[in-house]
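> The structure under discussion is supplied below as structure tokens; questions concerning it will follow.
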Amino acid sequence: MKRQVPLLITFTVGAVLILSTFFPPVETMGEDFSLYFDIIAVFAFFLGGGNLIRVNSDAIAKKKKGWGFSMVTMAGFFIMLAAGLLKLWNPGGIRGDVAGTGSMFQLLYDWIFNPLGATMYALLAFYVASASYRAFRAKNRDATILLVAAFIILLGRTPLGVYATSWIPESFSILQIPNLAIWIMSSPNLAGQRAIMIGIALGVVSMSLRLILGVERTYLGVDSE
Amino acid sequence: MEIFGTWVAAFLTLGIISFLYRDNPWYKVCESIFVGISAGYWFVTLFFDNILGLFWAGITREDPNYMLLVGAVLGVMMLLRLVPSIGWISRWPLSFVVGATAGFYLINYFSSNVMLQVSSTLLPLLSPGFGQPLFSSSLYDVVGNIIVAAGTFTGLVYFFFSKEHKGAFGHAAKIGIWTIMITFGASFGYTVMSRMSLLIGRMEFIFGNWLGMIR
Amino acid sequence: MTVTRKSKPFLTPIILVLVFLVFLSASLFAQETASGISVAPPANVVASDFNYDRGEQAEVRWKLSSDDNGSAGVIGYEIFRAGVGSEDFVSVGLALPGESYFLDKDVQKGVGYVYKVAALYSGGQSFSDVSNAVIPELEMINWNLLNLFIIGLLIAASVIYFISHAKKGRKLFIRKIAGLEAIDEAIGRATEMGRPILFIPGINDMDDVQTIAGITILGRVARMVADYDIKINMPVSRSIVMTTARETIKEAYAGAGRPDAYNDDMVRYVTDEQFGYVAAVDGIMVREKPATCFYLGAFFAESLILAETGNSIGAIQIAGTAQPAQLPFFVAACDYTLIGEELFAASAYLSNEPKQLGSLKGQDIGKSLAMIIIIIGVISATISRAWGGSFFIWLSEFVNKISTIQN
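Chains as they are written, first to last, in the numbering used here: chain E, 12 to 236; chain R, 9 to 223; chain C, 28 to 434.
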């Protein structure tokens, strides 16, 4: 019972969703199930949020290494919860829009959340440079091809690329870097993208069938048959 | 107030950037603040959007959608994980989610990523128009179409699982992985500039807004 | 003598009136040219039921106004709808010049409607006659998707066939996937160094099939971790993923005969926010220094941040995702990368079970089908375009038709 019912649910729901594509009266079932998922996710957040509180308060209580930082995390969490749920400083009061102009929730978002996220994102500039440096020391043919293609595309979008090959005559214009970059994007890049996408889709089909038929059960904490 | 906010944002920005040098208490503080604030932010957003905006509004409107109660029941089942004796019930909403995901993705990925991609690859290799002379299309189009068709074909050969990459099959697979590597290189090169522009944005904040150095 | 002078007073007002009339007609004429000459209305307005829906859409087609010839006389069309027998027409949409089709998505099943289409010009509207009546109906089956159904059924049938006919002892050949062969080595390294494993199942929730793929691989990896008695650290970004991962790892430890060694703290929820999660994971990486990092699931821009931080601590990194935009970064920065389809095959590959491996064979059948359609389609399109031939023209059109999904 504990193992059979979940597998039956997976099978039924999966099969119904697949078939609903072909029958207009029930074709919106996919959207309905997506709504149920959104509701389940909020309930599940109590488990996740509860875990966050438990782990950090445990570290504080037992004075584990770094417990000060756990206090900072807890403080941030509860302040943001209070600011949002109680709509503190909200110009519209308790009935106003949670992110109303001047509300504490919106200020915390603008001053803290946004700058932190934008800066983490900006770190990518440094990381892409270090990854490129590593790729420059390409040790095999595959990595060399990746590197050369990346280099051409990168240069093709800069004035340097335009200038470097501007001396090439018009009849061989395809060899000018910007034109070469455009050609790479429209031909071999397109071919590779298609092969990858077709492969992924077939992989999804196979995996989905394994899940629906109950051949793959690891996610339930049950050994596969 | 605005100045205070700018100083806070600058403090946090520089704290995150300091991680590039090494892990340090400044970064740890910023990380802890980020985790706490963002977890709180998402809970508040999910609560107002999904519980009040979706669920509550859906069952209390003029034409109530009582099917939303299914979601609520499954959500409560999920929470029963906290009760050890009946914790196994939490597998039911999980099975629902996995079954729905599997069913939804199977059809959607198949139609958009297999059917659509295959039909887009069915290109004539030589002249593009009916009744046109054989080589009326430009070399650029001809070579391009050949590369697209052959590249897609050999890329699929590379991903074959049940055949060893030997002989002619192996050569085709090799061409396939080269095509895929070109694709990866193109994506890589294409994204580099956009990543640089993100950094420029933060530098403008630091030197422009915070330090007021750039007018 | 002043006799003629006496007739001038009569002339003046007449002349004034004449001049006024000339100016008036001139300005009227000028207004007409400024506002545009009226255009011909659209003709032959035909309304029909949109096929294979729930009866909430109707199609309207018309013959273009004869003045719609690129001269900018016609600036568009406006479509009006009324109930059958009613004169109360309401506007339901617009179309551009040159367009002769409109899909009305706001109708009710079983209710009769009629339509009029007006050609718009700068001076106003030129209405067509009223169309035929249409009653949108619900269709039970979407026959437009017949080709999707048949091809999908073929591929699903081949996967199911190989799963069900897999026999124990008769091993199917599966080519080696470097990233998966390296898992043993990677976990062995963690055992030797006495350092933990870090497992990141992506940043999406369980409603993404990539996350499910990551969790199924977690089951296999967790079993090895339990067998070798090393620590696994799994910070997650979603609460449902946390619940699922705990079930998976708990079962793996139970299967290894070590249920007491399992601890719920192996899986920790961090935050739903993408970059907040990455900031925390980066911190975990540099402080706990895992020997091996697994990144298996859906990733976005943070993929490179994770991979580069992992490089900085000298960890072995095995990544896999079906996000084509992130694959290049993993390939460039990680030791091994499972490219797209390989992520979904990984669980079957690692299980070594005949039934699971059979599904990979079914996947290959699907690829073969795609390749055959591409070969036939490209060759028939090339020959039919270059040399004609009714068979090749028919073949090219047939292949195009079966591989195109109509709405």
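Using N, Cα and C, we set each Cβ at its ideal position, and we do this for glycine too.
Between which two residues does the beta strand (DSSP E) holding G151/C run?
That run of the beta strand (DSSP E) goes 151-154.
> Can you list, in chain order, the residues of its chain whose CB lies under 8 Å from that of I188/R, leaving out five sequence neighbours each side?
Hits under 8 Å: G163, Y166.
> According to DSSP, V87/C sits in a beta bridge with which residue or residues?
Paired residues: A74/C, F129/C.
> Between A93/E and S81/E, how many whole angstroms is the CB-CB distance? I'm expecting something under 8 Å.
Between S81/E and A93/E the Cβ distance is about 19 Å, and since that is not below 8 Å, they are no contact.
> Strictly under 7 Å for the Cβ-Cβ distance: is T60/C near chain R by that measure?
Model confidence at T60/C stands at a pLDDT of 41, short of 50, so the residue's coordinates are unreliable; what they give is reported in the following sentence. Closer than 7 Å: no.
> Would you mind sorting K277/C into buried or exposed? The rule is 16 or more other CB atoms within 10 Å of its CB.
When all chains shown are included, K277/C counts as buried.
> Check for me: the beta strand (DSSP E) holding N260/C runs from which residue to which?
Start and end: 259-263.
> Our contact map puts F51/R next to G60/E with C-beta atoms below 8 Å; I'd like the distance itself, whole angstroms only.
Sure, about 6 Å apart at Cβ, within 8 Å.
> By the three-class DSSP mapping on this structure, what secondary structure does P189/E have?
In this structure, P189/E counts as helix in the three-state DSSP scheme.
> Could you confirm whether any beta carbon from chain C is found closer than 7 Å to the beta carbon of S141/E?
Yes, because at least one Cβ of chain C sits closer than 7 Å to the Cβ of S141/E.
> In chain order, what residues of the region 199-224 of chain E put their CB closer than 8 Å to some CB of chain C?
Answer in chain order: Q204, I207, M208, I209, G210, I211, L213, G214, V215, V216, S217, M218, S219, L220, R221, L222, L224.
> Is the separation between the beta-carbon of A360/C and that of F42/R shorter than 7 Å?
Cβ distance not < 7 Å, so A360/C and F42/R don't count as in contact.
> Please name the residue, chosen from A158/R, T199/R, T14/R, S127/R, that lies closest to F425/C on a Cα-to-Cα basis.
If we check each option's Cα against that of F425/C, S127/R comes out closest.
> Just verifying my parser: in three-state terms, what is the DSSP assignment at A61/C?
Below a pLDDT of 50, predicted positions are generally treated as unreliable, and A61/C, at 42, falls in that range; no measurement from the model is reported.
> Classify A240/C as buried or exposed, calling it buried when 16 or more other Cβ atoms lie within 10 Å of its own Cβ.
Classification of A240/C: buried, given that the 10 Å Cβ count is 16 or more.
> If the cut is a Cβ gap below 8 Å, which residues of chain E does S40/R touch?
By Cβ distance, chain E contributes F80, S81, V83, T84, G87.
> Considering only residues of the same chain and omitting the five flanking positions on each side of P101/R, which have a CB-CB separation below 6 Å?
Closer than 6 Å at Cβ, skipping near neighbours: L82, M85, M86.
> Report the three-state DSSP secondary structure of A160/C (helix, strand or coil).
A160/C: coil per DSSP, three-state reduction.
> With distances taken from CA atoms, which of D299/C, R81/C, G103/C is nearest L91/C?
The shortest C-alpha separation from L91/C is found at G103/C.
> Secondary structure at C361/C, three-state DSSP: helix, strand or coil?
Three-state result, C361/C: coil.
> Does any residue of chain E bring its CB to less than 7 Å from the CB of Y113/R?
Taking Cβ atoms only, chain E reaches closer than 7 Å to Y113/R, which makes this a yes.
> List the endpoints of the continuous alpha helix (DSSP H) containing I332/C.
Residues 330-339.
> Going along chain R, which residues have a C-beta under 8 Å from D274/E?
The structure shown has nothing for residue 274/E, since chain E only spans 12 to 236.
> Any idea if M85/E is buried or exposed, counting beta-carbon neighbours within 10 angstroms, 16 or more meaning buried?
M85/E should be labelled buried.
> Could you check what DSSP says for I123/E in three-state terms: helix, strand or coil?
It is helical.
> Is the Cβ-Cβ distance between Y79/C and P35/E less than 7 Å?
Their beta carbons are under 7 Å apart, which means Y79/C touches P35/E by this criterion.
> Given 8 Å as the limit, is there contact between the region 92-110 of chain R and the region 193-212 of chain E, that is, 3 or more CB pairs closer than that?
No, they do not touch.
> May I have the straight-line CA-CA distance separating K76/E from D256/C, to the nearest angstrom?
Approximately 24 Å between the Cα atoms of the pair.
> Mind checking which residues open and close the alpha helix (DSSP H) that includes A18/R?
Looking at the DSSP string, the run of the alpha helix (DSSP H) that includes A18/R is 10-25.
> Over the uninterrupted alpha helix (DSSP H) stretch that includes E212/R, give me the two end residues.
That run of the alpha helix (DSSP H) goes 175-212.
> Using the three-state DSSP reduction, which class does G61/E fall into: helix, strand or coil?
If DSSP states are grouped into helix, strand and coil, G61/E belongs with the helices.
> Considering only their Cβ atoms, is the gap separating I50/E from F63/R smaller than 7 Å?
Their beta carbons are under 7 Å apart, which means F63/R touches I50/E by this criterion.
> By the criterion of Cβ-Cβ separation under 9 Å, what are the contact partners of F215/R in chain E?
Going along chain E, no residue has its Cβ under 9 Å from F215/R, so there is no contact; the nearest lies around 14 Å.
> Is the distance from the Cβ of G210/E to the Cβ of E315/C below 7 Å?
For G210/E and E315/C, no; Cβs fall outside 7 Å.
> Would a check of beta-carbon distances place E227/E closer than 7 Å to chain C?
Yes, because at least one Cβ of chain C sits closer than 7 Å to the Cβ of E227/E.
> On a Cα-Cα basis, can you pick out the residue from D235/C, T364/C, T298/C that is closest to S330/C?
For the residues D235/C, T364/C, T298/C, the minimum Cα distance to S330/C belongs to T364/C.
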